Amino acid sequence: MKISKTDSIESLIQQITVKSAAAGGIYTWLDNTLKFHTVYLEVKPKQIALDVANEELSRAQQAFSKILARVQILEDCLTEENLKMQRALAEKDDAVRTKERLAHQIDLAERLVDGLASSRIIWTKRVETFKNDLETLLGDALLTSTFISYAGYFSRSYRISFVNKWRSVIAATKGIIPMRVDLEPLSIMIDDADIAEWMNQGLPADQTSYENAAILIYCLRWPLMVDPQGQGIRWIKNLFIDKLITLRYNSKGYLDRVEAAVRRGDTLLLECIEENIDSILEPIINRNLIRKGKIVKFGDKEIDYHPNFRLIMQTRLANPHFRPEIQAQTTLINFSTSRDGLEAQLLAEIVAVERPDLEKSKFEVTKQKNEYKINLKKLEDSLLACLATAEGNFIQNVELVVTLERTVNTALEMEQKKMEAEKFSRQIDRTRELYRPTATPIDNAEQNEDLHIRIDNLIDAITFSSYSYIVRGLFEEHKLIFTVQLLLQILREKGEIDMVELDLFLRNPQEAHAGCPVEFLNDKAWGSIKALSLLPIFHGLDREIEIASKRWKKYVENEAPELEKPPGEWKSKSTMRQLCILRAVRPDRMLYALKLFVAEKLGKKYIESRAPDFARTYEESSKSIPIFFILSPGVDPLKEVETLGKKLGYTLQAGKFYNISLGQGQEIVAENALEISAKEGHWIVLQNIHLVRHWLPILERKLERILEIAQENFRIFMSAEPSADSSAHVIPPGILEHSIKITNESHTGMLANLHKALDNFDQEVLDSCSKDTQFKVILFALCYFHAVVSQRTKFGSIGWNRKYPFSSGDLQICIDVLRNYLEANVKIPWEDLRYIFGEIMYGGHITDDWDRRLCRSYLETYLNPTMFEGDLYLAPDFPLAPPLDYKAYHAYIDDKLPSESPKLYGLHPNAEIDFLSQTSEKLFRVLIEISPRDTNSNIHGQIGTMLRDEKIRNALEEFQTHMPEDFSIVELRARVDERNPYAVVALQEAERMNYLLREIRQSLKELDGGLKGELAISSEIEILQECFYLNIVPAGWTNRAYPSLHSLGLWFHDMLNRYREIENWTADFQLPNSVWLGGLFNPQSFLTSIMQAVARKQDWPLDRMCLVVEITKKQKEELQSAPKDGAYIHNLFIDGARWDKQNNLLIEGKLKELCPPMPIIFVKAIPIDRLDAKGTYDCPVYRIKTRGNTYIWHFHLKTKEKPSKWVLAGVALLLQI
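For the sequence shown, the residue numbers in the working numbering are 10 to 1226.
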């Protein structure tokens, strides 16, 4: 077998084993033996070395053991020393930690003290304040709770007055009820942070609004907000945000939602409530809870009352009159815009336009400042909360100190920012304040780089813009009233008017029974002069008029005294004093004087009458701002809407114009048209909405919804007739306040109205009748007749006893009738035409018999056969026009018609004087009624200003002092020997006087109790107070008295004179020598008694008798006894003419001699068949100048003129002027 050198032992053995197992075994043994030998040779020396090493190890171990023992001894010593060292180090560490802990505590204490140092002074003062407040807590709480309970409905000035009075009442207890002397109720309820937060929520920034908000938050009774501008409701919605349930009163299903809110405990806002609140709500309003306060009656069921339920009510009515129980159950809060609040809003608008950068900065700074205040309050509260809730040692509470330090640092930072913001705000405000006098829209103001000139331009433009906006919604008779009121307010703000003089000017006080010593003034004017002369500022005026009578006569009788200055020293007096004098002596010129006064102070543009430009008005409207037309007779504003609509593409033909005249059944049509118009952006006209009173609340709600979603081009136009008086208003305030209001009145004056009457026709109409001459002449006369009867109304009661709605339609129908009758008859049927025109067409409007006579007299004057002979004059110097064409008639009017004068209507020139006097008196009466109540001044015997209550109390005391006793009717009846007709009248008068005295006495008692606080101030007492303040007779007295135009003071003196007249008559029941007919409650009964007495004596039938009069030349003092048959009467006045005592005839009145007195009149009764009315004027007798329904009788007065002259002149007898 061949073995290679390279094969390994294992390989070799394997190969041998394969060949021979025995040989393989031997070879394995030999291999192991060789290996053992090799290993042995290597191990043997090592074993020897091991033995040697073991011996050395043993020796070394013995030595090591000795060393270890020594080491152990040393280690034990070391351990003991280490323990000593560790104890020393531990003591050192404890000392260091104690030092660090104390140092940290000192640091925390210093930081805490430093952090609270800024609040220390404030808190120290507050602690002292709180201590003092605790002493006065009772009075402070009483005043504040009283303020919350009662002050909410009143204006700021009244609230201040109330607080001052309440302070005085509490102070009068002399410490029994302690109270802070200078306490402001608002300071008890809220702080600056509350105000800041409310301002951020939209509350107006004025004191009244702050007070309102505080009252609403803290009042116990449910608040009822008077919120016509919606300011309060906007704030409420922001205050409660999503926690508020808002419902509209009387909306569909609102009661179900109220019930749900009561059950859930929601905060419920009930919007737009009305004066008469549904009685079903009263248990909730009054919180009449039953069954342990968990159930409330709601209608016919009982519902669960959640303790968290809260009710807030709001009305948009500006001056609501809620039932007394509602006022007692709620807290009334007046959220009406205050002057300060409105001024602030308008100032913001001005600055936003003029200096947008400034207003933006102001807004941002104000917002930041408010946020700083709010956050500071929160931080301060948080700081106090931390201190109050901290437990253990403060200086060991690291978290507390860190929190306090962070809070204090933040507060200091915010305080610094607040101070910087306030400083910046003051800088901004100084610049903004330059614009404050402007505070309204400014588009038309002239530009100028000089700020002061620019502001003057703004004031002028804005004032006129505001004036124009308001004036276009006023009737002509009210425009001057508003203009004068505007001027007076401006002068008051500038301090350019003395309030005492203004009060004199407005009230024109009069001395009763002042006999006039000069012939150029009447008794009334002299009474005013005497009243002025009692005052130091007018001292000696009466004597100067007497001494320098020629100069004063020239001034008084001047055609236009307003253009002159009063004589003597009075020419240098203030304009207001000169106006006081002019009003006393020439009240008929006051309208012209006021216009001059306005032109002087404001400019001529304020007295120029302009028709509103409808196109410009339309530009101011929008989808959410309707246009509201206030209708006038004879004027159709729809034409302007249609004309503009046609120009802009909104027509019926295009389907973009809806014209709906409201009436029965048209409400649904209107609602559908509104929906379509709003959706499509069309125009809609709703005419005569006053005819659907019941639907107007629905319309208001629908408009609120529609106007928010309507397209931009949507426009709504509405029209309604004005109500006769304030109690008859039917248009909801929400509709009126959000609309642009426009009045359209027909032109005044004969010239304009004659042209207008003729404008109803054209040349085609003039040529439409075959009897050309007759038709044209009569048509022109009828046009003049129409203009006369339409315009005669402006002269008041001497024009027509009542107002009538004559229209152009009456004239057009008359012309149609005229054409038909002329075509159908050979001769003109004058009587038929006059009857149709006067009794049917125009007479159909007339309800008064004497007015019907007037209409008939006009037609008899204008329509008669002489009109074709060229001799008929329609008015002095104005002959009836001959047959002309259409344009020639207009030219004839312009050329021939005299200037405007009462003579054009058949009236005496005095009619205009009287009309102007009455108009000026009405103007001043309205000015007094609308004048602010906050600052009042008045004269009562001497110069001085008095509060409103003092004026009322003075009048009250005077009336109480002079009140007579009642007549003893039983005693009077016992004294009557013979119950003749005159005695019966006397007894009846005494009984009526008793009724009146009792009413007056009861009213005075209630008013006295109300002023003394003994009675609650009811609405009746409020009305009495207003009457006493305005010097007008209360309606309750008038209803039991007699018609009178006197002011309250003169009325009371007149009542006393009537009492004395009855007293004298009932002393012996003998007919007085002369009876003051106007002094009787029922003058008709006395005149009837004359007929009764004669009828009994002569045994004549009463129904066949009449009265005749004889105007005597006697004076009352000359009468020694009453006549045997009939009676003498005195104190009658004639209006529209005068009595010629020399010739015993009715003649033309003297210029400026208004209502001259009649002589003693002898009245007697005769049978009707003996009456000779030839050569007499059948003169109606009225009780007062306003005539109307005060007619009592008619007397035949002798005249040489045609009776129609006096009919057209409106001549009448008056019992009182």
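Here a beta-carbon is modelled for each residue, glycine too, at the ideal position from N, C-alpha and C.
Computed from a predicted structure; not experimentally measured.
*Would you kindly work out how many angstroms separate the C-alpha atoms of cysteine 1164 and isoleucine 922, rounded to a whole number?*
11 Å
*Does the distance from the CB of tyrosine 895 to the CB of leucine 791 come in under 7 Å?*
no
_CA-to-CA distance, leucine 965 to threonine 954, given in whole angstroms_ = With a pLDDT of only 36 at threonine 954, under 50, the local geometry of the prediction cannot be trusted, and no value is derived from it.
_phenylalanine 666 - DSSP class collapsed to helix/strand/coil_ = strand
*What are the start and end residues of the alpha helix (DSSP H) that includes histidine 899?*
895-905
*DSSP state of aspartate 103, grouped into three classes?*
helix
*Rounded to the nearest angstrom, how far is the Cβ of lysine 306 from that of proline 292, given a contact under 8 Å?*
5 Å
*Per DSSP, which one or two residues make a beta bridge with leucine 298?*
Val305
*asked:* Going by the DSSP bridge assignment, what does aspartate 313 pair with across the sheet?
replied: Ile304
*To which residues does DSSP link glutamate 1015 through a beta bridge?*
Answer is none; glutamate 1015 lacks a bridge partner.
*Between lysine 655 and phenylalanine 723, is the Cβ-Cβ spacing less than 7 Å?*
no
*asked:* Distance check for leucine 1024 and arginine 592, CA to CA, integer angstroms please.
replied: 40 Å
*What is the rounded straight-line gap between the Cα of valine 235 and the Cα of tryptophan 1046?*
32 Å
*CB-CB under 6 Å to arginine 1049, same chain, minus the five flanking residues each way: which ones, in chain order?*
Tyr1004, Leu1005 and Glu1008
_Runs of 3 residues minimum, wholly inside the segment 820-890: which ones carry the beta strand (DSSP E) assignment?_
882-884
_Collapsed DSSP secondary structure at tyrosine 1277 in the structure displayed_ = The structure shown does not extend to residue 1277, since the chain is modelled only from 10 through 1226, so no value can be given for it.
*asked:* If you follow the beta strand (DSSP E) that lysine 656 is in, where does it begin and where does it stop?
replied: Not the beta strand (DSSP E): lysine 656 falls in the alpha helix (DSSP H), residues 647-657.
*Given that a residue counts as buried once 16 or more other Cβ atoms are within 10 Å of its Cβ, and exposed if not, what is tryptophan 38?*
exposed
*In terms of residues, what are the limits of the beta strand (DSSP E) holding glutamine 323?*
319-324
*Roughly how many angstroms separate the alpha carbons of leucine 192 and methionine 198, rounded to a whole number?*
12 Å
*Between which two residues does the alpha helix (DSSP H) containing tyrosine 601 stretch?*
599-610
_Please tell me whether, using a cut-off of 6 Å, the distance from the CB of alanine 761 to the nearest non-hydrogen atom of the ligand NAP is below it._
This structure lacks the ligand NAP, and indeed carries no ligand of any kind.
*Sub-7 Å separation of leucine 1224 and glycine 1135 beta-carbons*: no
*asked:* Contact between the segment 1188-1203 and the segment 1078-1098 is defined here as three or more beta-carbon pairs at a separation below 8 Å; is this criterion met?
replied: yes
*Which one of Phe156, Asn173 and Gln783 has the shortest CA to CA distance from proline 838?*
Gln783
*asked:* So if DSSP puts proline 911 in a beta bridge, which residue, or which two residues, is it bridged to?
replied: Beta-bridge pairing links proline 911 to no other residue.
*asked:* Spatial neighbours of glutamine 240 within its chain, please: C-beta separation below 7 Å, excluding the five flanking residues on both sides.
replied: Pro213, Phe344 and Thr346
*Alpha carbon to alpha carbon, how far is leucine 913 from leucine 889? Give it in angstroms, no decimals.*
13 Å
*Pick helix, strand or coil for lysine 750, following the three-state DSSP scheme.*
strand
*Separation of isoleucine 471 from isoleucine 451, as counted between CA atoms*: Caution is warranted here: a pLDDT of 45 is assigned to isoleucine 451, below 50, making its placement in the model unreliable, and the coordinate value is therefore given only provisionally. If you take the alpha carbons of isoleucine 451 and isoleucine 471, they lie about 6 Å apart.
*Reduced DSSP category for valine 1042 - H, G, I as helix; E, B as strand; rest coil*: coil
*Counting Cβ pairs closer than 8 Å, one from the segment 158-168 and one from the segment 220-228, do we hit at least three?*
yes
*So, using beta-carbon positions, are serine 1098 and valine 1172 closer together than 7 Å?*
no
*arginine 120 to alanine 202, Cα distance in whole Å?*
27 Å
*Where DSSP assigns a beta bridge to serine 631, which residues make up the other side?*
Ile634
*With a cut-off of 8 Å, do at least 3 Cβ pairs link the segment 644-654 to the segment 704-711?*
no
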